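Respectively, the protein sequence lines represent chains A and B. Note that the working numbering has the first sequence beginning at 21, numbered continuously upward. Note that the working numbering has the second sequence beginning at -9, numbered continuously upward. Glycine included, each C-beta is placed from N, C-alpha and C at the ideal position. What you are looking at is a predicted structure, and each value in this text was computed from that prediction instead of being measured.
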Amino acid sequence: MANALAEPAKTALFKAEIVPHLRAAYNLARWLVHNPDDAEDMVQESYLRAYKYFDGFRGMNSLAWLLIIVRTTCYTWLHRNRFQEASTVFDEDLQSRVIEMINPETLMLKGADDMLRQLLEELPVEFREALVLRELEGMSYKQIAEVAGIPLGTVMSRLAQARRHLQRRLSNVPTKEY
Amino acid sequence: MDCVETQTMMHGYLDSELDLVRVVELERHLEECPHCQQAYSNQQALRAMIRAASLYHNAPDQLANQIHVAQRQAEDQNSRVSSAVPAKRRTHRFWARAWVFELAGASACLAILIFTVLRVVPWRGLASSDDVIAQQVLASHIRSLMPNHLTDVLSTDQHTVKPWFDGKLDYSPPVQDFADHDFALIGGRLDYLEDQSVAALVYQRRKHFINLFIWPSPDVARPANAARKGYNMVHWTEGGMNYWAVSELNATELDEIVQRIRGAR
């Protein structure tokens, strides 16, 4: 920890760079650990870590930097609590030529928000996080790769698998007959 | 570009992350293939739904305050700890208070240390019970059996497979062929386990594939068997490397193969 910043300067910089990302930090934590109370704990812990570790932050994208910490904190917690994540196996068969139509109107009738939220919750955590960072945070593949510590190609394949899985699950919703 | 590739690439396309060459190839394929076209419009619909839905979890209002308070406390501790050090011998009562601050300081240092270790050595030995790894290993094995996922380098020659990993990993996995013993090396692949890139060697016996995952580890473990979802797994460490073999082969044959692999080292 060479060149540690003086405390007031550090605090000011921290406020300017890291504090504004609270919204994103909470959203990610909430999606990773599933419930609001634990998510708050994760965010608090992450911010304390971020503050203590702030000297190690050198002009990297501050959002990505913070989210790496949030992710690390959440994953540690998930592992420690032996969270049995849903199976990482997607029963997809790309070769099959059956592609069901998504019918957005039917879904709207059934409360698409709740259904989507539930399906997203069911995704294995690494797929869930890719989708959350991409669709809710609007991050680029490069940023997602940085946060999740994976190659760019893996970002795309995780998104592809996650979305195909959602699409499949949504298509299986029984359609209303008129 | 074929359908399988298209249905992965279309996500890069949807996210405006594809390079121009692939965009052109993909658009050409979409024009010709109604199947993929349908898949693409489904994905567009899905994206629209996700964006329209209120899935974003907004932080509770009090959280910003809590963080502010927690951070102020951390700040205070930091500055008081530094002034508490020279003041050690002042008075007895102050000592008691300083002790509390030093403890706080020490735990802060410990937190930083743990965090640093976590960042440098992701999870290893810490949270990763073998159970969690076994799950990841199995998932990777199953993923690898999906079309076009099995091998990045397709070769039955260990002298082709081994150098292929150079520059892709910062260690060199031992690669051996066992065609004489009725299980042949058919290639290698980079995979991703425990937050790091790992070598995956692919062997075949009859119609069954065996994935052998190898990555460096300071742990020492005797061979242990596991079975999940009809797949068999064997885990062991040797020469500073972690080995996981997984296959749908029966346990006896997998054990035999593992012994050959271990015998060859």
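query                                                                                                               : result
CA-to-CA distance, Ala26/A to Leu68/A, given in whole angstroms                                                     : 17 Å
Residues bridged to Tyr193/B [DSSP beta-bridge criterion]                                                           : Leu175/B and Ile200/B
Where Val165/B meets chain A, residues with beta-carbon distance less than 8 Å                                      : In chain order: nothing, as chain A lies at least about 22 Å away.
Ser237/B - partner residues in DSSP beta bridges                                                                    : Ile200/B and Asn222/B
Proximal residues of chain B, C-beta to C-beta of Gln64/A below 7 Å                                                 : Gln56, Ile57 and Ala60
Under the three-state DSSP convention, the category Val210/B falls into                                             : coil
Close beta carbons around Tyr3/B, own chain, < 6 Å, minus the five adjacent residues each side                      : Leu16
Within 8 Å of chain B by C-beta, residues of the region 46 to 57 of chain A in sequence order                       : Tyr46, Asn47, Arg50, Trp51 and Pro56
Contact with chain A by Pro213/B, beta-carbon distance below 8 Å                                                    : no
Three-state secondary structure assigned by DSSP to Val188/B                                                        : strand
Proximity winner among Arg37/B, Asp181/B, Met(-9)/B and Glu22/B, relative to Lys158/B (alpha-carbon distances)      : Asp181/B
Contacts of Ser97/B in chain A (Cβ-Cβ under 8 Å)                                                                    : Within chain A, no residue comes near Ser97/B; the closest Cβ sits about 11 Å away, beyond 8 Å.
Distance between Thr146/B and Arg37/B (C-alpha atoms, nearest Å)                                                    : 43 Å
Contact list for Arg12/B against chain A, beta-carbon separation under 7 Å                                          : Here the premise fails: no neighbours, minimum Cβ distance about 11 Å.
Beta-carbon spacing of Ala45/A, Leu98/A below 8 Å                                                                   : no
Contact belief for Thr(-2)/B with Ala180/A at Cβ below 8 Å, rounded distance in angstroms                           : 4 Å
As assigned by DSSP and simplified to three states, the class of Ala182/A                                           : helix
Endpoints, the alpha helix (DSSP H) within which Gln163/A is located                                                : Tyr161 to Ala168
Limits of the alpha helix (DSSP H) - the one that Asn55/A falls within                                              : Looking at the DSSP string, Asn55/A is not in any alpha helix (DSSP H), and its letter there is neither H nor E.
Proximity below 8 Å, CB of His265/B to CB of Asn201/B                                                               : It is not possible to answer for residue 265/B, since the shown part of chain B is limited to -9 through 255.
Enclosing alpha helix (DSSP H) for His47/B [first to last residue]                                                  : Neither: His47/B is in no alpha helix (DSSP H) and is coded neither H nor E.
Neighbour flag for Tyr46/B against chain A, beta carbons, 8 Å                                                       : yes
Inter-residue spacing [alpha-carbon to alpha-carbon] between Tyr73/A and Phe155/B                                   : 34 Å
Environment of Lys35/A [buried if 16+ CB atoms lie within 10 Å]                                                     : exposed
Inter-residue Cα distance where the pair is Val145/A and Arg218/B                                                   : 20 Å
Chain B within 8 Å of Arg117/A, Cβ atoms only                                                                       : Summary for Arg117/A: the model assigns pLDDT 41, below 50, so the residue's position carries little reliability; its value from the coordinates is reported in the next sentence. By this cut-off, Arg117/A is an interface position.
Buried or exposed by the 16-neighbour rule on C-beta atoms within 10 Å, applied to Gly178/B                         : buried
Helix, strand or coil at Gln148/B [DSSP, three-state]                                                               : helix
Members of the region 119 to 136 of chain B near chain A, C-beta cut-off 9 Å                                        : Ser119, Asp121, Val122, Gln125, Gln126, Leu128, Ala129, Ser130, Ile132, Arg133 and Met136
DSSP three-state assignment for Asn215/B, whether helix, strand or coil                                             : strand
Three CB pairs or more closer than 8 Å across the region 197 to 211 of chain B and the region 228 to 238 of chain B : yes
Trp205/B - partner residues in DSSP beta bridges                                                                    : Asn232/B
Simplified DSSP state of Pro24/B, which is helix, strand or coil                                                    : helix
Buried/exposed call for Asn47/A, threshold 16 Cβ in 10 Å                                                            : buried
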